[in-house]
Amino acid sequence: MVYSVQQIKFEFVSYVKEFGADFREWSVGVADDARRALFVENGVDETGDVWLWKPALTPAAAAMIRSWLVDRHGVANVSADASGPEIYLFKRRSAES
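Residue numbers (full-length UniProt numbering): 1 to 97.
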């Protein structure tokens, strides 16, 4: 199942608010394979960190959401040169300790 831009924005904002509303503590990226990008490329701890990914309608839609999160909310962009239809968001729990 793929999600619209508005659905993903709503889910990501809700998720950030649930786990601490400071967007600057979060990172966002886009990829063809979000699981690989999260856990292999970015070293996110699957059980210890907070993360979420969603498939967007197109790579352009995923890039639009990434830009909105980075430009409007100050989320760190970890995939500036990447493209793909999947968008992911994460916050490292270790940063809280």
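Glycine included, every Cβ here is placed at the ideal spot set by N, Cα and C.
Check, Outcome
"Length of the line joining the Cα atoms of residue 6 and residue 89", "16 Å"
"Contacts around residue 24, its chain only, beta-carbon distance under 7 Å, and the 5 residues preceding and following it disregarded", "74"
"Boundaries (first-last residue) of the alpha helix (DSSP H) holding residue 88", "No alpha helix (DSSP H) contains residue 88, which is instead part of the beta strand (DSSP E) from 86-91."
"Distance, residue 4 Cα to residue 32 Cα", "17 Å"
"7 Å Cβ shell around residue 97 - same chain, five flanking residues per side excluded", "Its pLDDT being 45, under 50, residue 97 is placed unreliably in this model, and the value from its coordinates should be taken loosely. Once the five neighbours on either side are set aside, residue 97 has no close Cβ partner at all."
"First and last residue of the uninterrupted alpha helix (DSSP H) at residue 69", "59-73"
"For residue 80, three-class secondary structure by DSSP", "coil"
"Under 8 Å between C-beta atoms of residue 78 and residue 29", "yes"
"Cross-strand partners of residue 52 (DSSP beta bridge)", "89"
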